[in-house]
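Enquirer: To start, I am sharing the structure in question, which I have written as structure tokens.
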Amino acid sequence: MTVNLPNPLTRKLAQLAPLSAADTALLDSLQSPTRAVARHRELISAGRRYDGLLILIDGIAIRSRVLHDGRRQILNIAIPGDVIGFPACFFERALYSVTALTDTQVASVPFARLLGLFEEHPRVAATVFWSFACEAAIYAEHLIGLGRRSSVERVGHFLLELLIRLQAVGLADGTSFRLPLTQELIADVLGLSLQHINRTLRQLRTEGLVAIDGHSVEIRNVEGLAALAEFDRAYLSRFRIADLPTEG
């Protein structure tokens with residue numbers, strides 16, 4: 150999953166509020182320099198001290214927690230433009246692990262620098278912290294899915310959520326996108342068996358809602374899938390621009 154310019158976080162936040170050239174330069178500076186992290190390597194390790202944030206520039210990662218007996222719960226999927234490490238940076242040690250699913254590029258941001266944005270660039274800081282609020286909303290929807298949604302609703306909701314998130318950073322072609330996840334991993338994310346995933350995807354294809362070819366996904370009927378999954382995109386929407394602080 151390769152990202153073209155502009156930087157993914159800048160592109161995502163520019164959809165929330167008009168960004169000046171100075172705002173854009175500031176956001177771009179947070180996303181540089183980058184370092185490579187190979188697939189299957191941990192970006193953040195649960196239980197270890199962590200005092201900064203990471204911005205995922207390229208690639209896919211998962212946030213997860215592994216219990217003592219080896220059972221794993223995936224919290225969500227991180228895509229380019231996501232800020233990783235919140236709220237871990239508020240605690241003495243990281244609460245969960247973040248693992249690269251693909252080869253990734255990340256930028257490191259000291260927590261103190263992020264806090265400094267509130268004093269020096271409150272408008273930019275507000276847009277960055279919107280991304281944290283959005284992540285919390287994604288967690289909440291994931292919990293609702295695990296507890297109450299049917300298998301069809303979970304899969305449909307997951308695919309629509311990914312579509313909207315990838316569209317925001319320019320990684321979707323219309324309603325098509327690349328999903329470098331195995332069905333086993335999707336089953337793990339959604340708390341379903343592999344048999345449930347196979348059956349559910351087959352149902353969605355038969356009903357003409359989605360088409361899947363390897364790692365390529367096309368949502369052929371967005372409205373139909375949203376109705377089936379009871380998907381409301383409000384939790385991924387922009388906040389009111391008028392409420393942003395004015396600088397200067």
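In this note's numbering, the protein residues as written are 150 to 397. Note that CB positions come from ideal geometry on N, CA and C, so glycine has one too.
1. Under the DSSP definition of a beta bridge, which residues are partnered with R212?
2. So, for V152: in the same chain, excluding its five sequence neighbours on each side, which residues have a beta-carbon less than 6 Å away from its beta-carbon?
3. Kindly list the residues whose CB is nearer than 8 Å to the CB of H306, restricted to its own chain and excluding five residues on each side of it in sequence; keep chain order.
4. Can you list the beta strand (DSSP E) stretches of 3 or more residues lying completely in the stretch 318-375, in chain order?
5. Could you round the C-beta distance between P157 and V318 to whole angstroms and report it? I think they count as a contact, below 8 Å.
6. Please classify N347 as buried or exposed, where buried requires at least 16 other C-beta atoms within 10 Å of its C-beta.
7. What's the call for A227, buried or exposed, on a 16-neighbour Cβ count within 10 Å?
8. Would a C-beta distance cut-off of 9 Å place Y199 and A243 closer than the cut-off?
9. Would DSSP call S300 helix, strand or coil?
10. Is it the case that the Cβ atoms of L309 and L374 are separated by a distance below 9 Å?
11. What residue range is occupied by the uninterrupted alpha helix (DSSP H) comprising E269?
12. Would you check if there are 3 or more beta carbon pairs closer than 8 Å linking the stretch 273-283 to the stretch 204-221?
13. D207 lies in the beta strand (DSSP E); which residues open and close that run?
14. May I ask you to list the residues that DSSP assigns as paired with R184?
15. Go through its chain and collect everything with a Cβ distance to S194's Cβ below 7 Å, but skip five positions before and after it.
16. Give the straight-line distance between the Cα atoms of V366 and L320, rounded to the nearest whole angstrom.
Expert: Working from what's here:
1. N225 and V247
2. Low confidence applies here, because V152 scores a pLDDT of 46, under 50, leaving its location unreliable; read the following figure in that light. Closer than 6 Å at Cβ, skipping near neighbours: D207 and P229.
3. In the same chain as H306, and ignoring 5 residues on each side of it, the C-beta atoms closer than 8 Å to its own belong to E290, G294, R298, A378, E379 and F380, in chain order.
4. 325-327, 359-362 and 365-368
5. 4 Å
6. Exposed is the call here.
7. buried
8. It is a contact, given that the beta carbons lie within the stated cut-off.
9. helix
10. Closer than 9 Å, so yes.
11. F260 to E269
12. no
13. G201 to D207
14. V255
15. A243 and S246
16. 12 Å
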